[in-house]
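Each residue of the sequence shown is one higher than the one before, starting from 1 at the first, in full-length UniProt numbering.
The beta-carbon is built from N, C-alpha and C at its ideal position, and this holds for glycine as well.
Worksheet for the structure shown next.
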Amino acid sequence: MSIARESVTPAPVSRARGQQLRDLATLRRVRDRIDREYAQPLNVEELARDAHMSSGHLSRQFRQAYGESPYSYLMTRRIERAMALLRRGDLSVTEVCFTVGCSSLGTFSTRFTELVGVPPSVYRDQAAGDTEGLPACTAKQVTRPIRR
């Protein structure tokens, strides 16, 4: 009894699925890089070049996967870090702005106010005692900015 071996070619669906998984892995690396290097001068063109994509394609794919553009994700990370630094109370708003990688105090303040609901100086004054006694991981969850 002989069993004939057939050459099995992957179906177009499995090839497409494989490409989709590779794209998701690439997007995850981009997101991880933003998380890691948020304080560095990053831009979508550079992120796209390193991911071997056009900036438009990266933006579309990133938004589809994570619900926001790479730039918006970067700014949210910067604002989250700024919130933590402002809660400490030992840095000025300007120092926090540059520490988190923003190069314009005006843009930082506008974006902060959009995400958090109050200007950074007001947040700093109000938040100093709000999370006192909470573990850092809990304080981060409680004070996470909510996109409006």
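Of the residues ARG60, GLN126, THR110, SER69, the one whose Cα lies closest to the Cα of GLY89 is GLN126. In this structure ALA16 is not in contact with THR99, their Cβ atoms being roughly 43 angstroms apart against a cut-off of 8 angstroms. Three or more Cβ pairs drawn from the segment 63-77 and the segment 33-52 lie within less than 8 angstroms of each other, which places the two stretches in contact. Counting only the Cα atoms, GLY18 lies some 18 angstroms from HIS57. Listed in chain order, the non-local C-beta contacts of LEU86 below 8 angstroms within the same chain comprise VAL93, VAL96, PRO120, TYR123, ARG124, ALA127, local neighbours out to five positions each way being set aside. Rounded to the nearest whole angstrom, the C-alpha separation of GLY67 and GLU37 is 20 angstroms. With 16 or more other CB atoms across the displayed protein chains lying within 10 angstroms of its CB, ALA48 is buried. Shown here, GLU45 sits in a helix according to DSSP, grouped into three states.
In this structure, DSSP gives VAL30 a helical state, which the three-state scheme calls helix.
In the three-state reduction of the DSSP assignment, GLU37 falls in the helix class, which pools H, G and I. With a cutoff of 8 angstroms on beta-carbon distance, PHE62 and LEU27 are scored as near each other.
A residue is called buried once 16 or more other Cβ atoms fall within 10 Å of its Cβ, and CYS102 is buried on that count.
Within the same chain, and ignoring the five residues on either side of ALA82 in sequence, the residues whose Cβ sits closer than 6 angstroms to its Cβ are VAL96, VAL100. The C-beta distance from SER55 to SER69 rounds to 10 angstroms, too long to meet the 8 angstroms contact threshold. Here the alpha carbon of ARG33 sits roughly 11 angstroms from the alpha carbon of ASP50.
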